[in-house]
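First residue of the sequence shown? That's 1 in the UniProt record's numbering, and the numbers climb one at a time after it. What follows is a short report on a single structure.
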Amino acid sequence: MAHPPRKGSVLKAAAEEKLDQLKTSVLKAADEGKFEQLKKCASELDHELGVGLPIILGNIRNEGGRGALHLAAAGGRLDVVKYLIEDMKA
């Protein structure tokens, strides 16, 4: 007889899924130049992880290894690039 999933493992999986969604949202916002959305999602990640925005923004990568700065620069999103370099030191 199969045991139901443990409450802790279900919560952990849900938390990991939420973090993955936020990371994806940060990268998408950087790629599309959605500056306010980028800051909002990054702040939510910082609230969850508590490591600081510069660390979060400097370490999130997509499957191709590109981060927010790479995506913003490739898309010509100057306001996002400026924020990441000057304010976040990414």
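The C-beta atom is built at its ideal place from N, Cα and C for all residues, glycine as well. These numbers were taken from a predicted model, which means no experiment stands behind them.
Asked: Rounded separation between Ser9 and Leu19 - CA only; Found: 15 angstroms
Asked: Simplified DSSP assignment, three categories, for Lys89; Found: coil
Asked: Alpha-carbon to alpha-carbon, Gly65 and His47; Found: 24 angstroms
Asked: Own chain partners of residue 91 with C-beta closer than 6 angstroms, once the 5 adjacent residues on each side are dropped; Found: Examination of residue 91 is not possible in this model, given that the chain is present from 1 through 90 alone.
Asked: Alpha carbon of Leu78 to alpha carbon of Leu45, nearest angstrom; Found: 23 angstroms
Asked: Length of the line joining the Cα atoms of Gly52 and Ser43; Found: 9 angstroms
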